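Under our numbering, the residues of the sequence shown are numbered 469 to 679, in order.
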Amino acid sequence: MPGYTSKDSSHQDSSSSHESTAPFMQVSRQAVITMGVHALHEIGSNSICNVCIANGGSCCQGCRHLVKGIGCQKRNTSCTAWLCGFLKFFLYETDLLREWNDFWEQVPGQDYREDFTPEVFYVTKSLHLPDLRNLSEALATDLHELAKSHIAIGFILTLREKIDKQIDQLHECQHTRKRKTKIKRNIKILSSPFHRFQKELHEYRQKFPIS
Ligand code: SF4
Ligand code: SF4
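This is the structure:
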């Protein structure tokens with residue numbers, strides 16, 4: 469993988485009681501940022517962001533590192549790893565959320581809008597997300613239509629927060645089946661207006677069934 473150097477895991481942590489079989493790879497801070505940005509580009513997050521930003525929902529709002537007309541001046545591991553409700557939902561439905569979270573859990577020093585990530589560190593997992601631009605464009609169109617058809621200002625942003633909360637709760641209650649079922653149902657209800665997305669998702673799942 470670009471930006472990585474493999475290393476035998478047996479030399480990594482002699483005090484660990486868990487024998488890891490995955491090889492450790494040396495990676496730079498910049499390489500993980502590049503990989504994260506690339507993965508987001510592959511899934512087509514920009515089309516979702518465009519609708520969100522047009523409706524006043526930018527997650528960079530008020531950040532001192534944002535330069536008008538230029539963009540972020542301090543790209544960091546934290547903001548790259550962070551997912552809003554829309555992106556979390558997208559990865560949840562395409563069964564890629566765990567892969568995303570597992571990758572970023574290996575990256576130390578993440579903070580709010582900045583990082584203290586070392587210039588070089590070791591990971592065992594890489595990050596490769598597929599090209600899902602047709603799916604993200606479908607979701608973006610659904611969001612655009614929803615925003616247009618609801619007079620309430622910020623309708624889709626409220627929806628984003630509600631979905632976000634449900635997916636976080638789902639993550640927290642992994643071992644409670646009844647509660648999990650209820651949260652999954654809530655997510656289904658909240659996302660029921662995403663007709664184009666559901667159609668694309670159905671086709672995607674037929675091609676790549678969830679194991
Ligand atoms: S909140 Fe989500 S959709 Fe909106 S701009 Fe940020 S990452 Fe994009
Ligand atoms: S540091 Fe994070 S919140 Fe601030 S502009 Fe950059 S990406 Fe946006």
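In this text, a Cβ means the ideal position worked out from N, Cα and C, and glycines have one as well.
Fair warning: this is a prediction, and the values are worked out from it, not measured in the lab.
In the pairwise beta carbon analysis, the region 598-610 is classified as touching the region 502-515: at least three pairs are separated by under 8 Å. In chain order, the residues positioned with their C-beta nearer than 6 Å to some heavy atom of ligand 1 are ILE516, CYS517, CYS520, ILE521, GLY525, SER526, CYS527, CYS552, PHE554 and LEU555.
Cβ neighbours of ARG653 within its own chain (closer than 6 Å, five residues either side excluded): none. Taking a contact as a CB-CB distance under 8 Å, the pair THR545 and GLY577 counts as one, their CB atoms being some 7 Å apart. Across the structure, VAL591 and PHE492 are spaced so that their CA atoms are roughly 5 Å apart.
Nearest C-alpha to THR548 among ARG647, MET503 and GLN642: MET503. Straight across, the Cα-Cα distance linking GLU671 with ILE678 is about 12 Å.
CA-to-CA, the gap between VAL505 and THR644 works out to about 34 Å.
Residue range 553-561 is occupied by the alpha helix (DSSP H) that includes TYR560. In the three-state reduction of the DSSP assignment, VAL519 falls in the helix class, which pools H, G and I. In this structure, DSSP gives GLN494 an extended state, which the three-state scheme calls strand.
Fewer than three beta-carbon pairs drawn from the region 616-628 and the region 559-579 are found closer than 8 Å, and the two stretches are therefore not classed as touching.
The three-state reading of DSSP puts VAL588 in strand, counting E and B together. Relative to ligand 2, the beta carbon of LYS536 is positioned no closer than 6 Å to any heavy atom. Taking each of ARG497, LYS646 and THR562 in turn and checking the Cα distance to GLN674, the smallest one comes out for THR562. DSSP, reduced to helix, strand and coil, places ASP570 within a helical segment of the structure shown.
Measuring C-alpha to C-alpha distances from ARG581 to each of CYS531, LEU508, LYS633 and GLN637 identifies CYS531 as the nearest. A direct Cα-Cα distance of roughly 45 Å separates GLU613 from GLN494. The beta carbon of LEU669 sits closer than 7 Å to the beta carbons of GLU561 and LEU603 from its chain, once the five residues preceding and following it are set aside; these are given in chain order. Under the three-state reduction of DSSP output, GLN634 falls in the helix class.
LYS556 sits away from ILE501, with the two beta carbons spaced by 7 Å or more.
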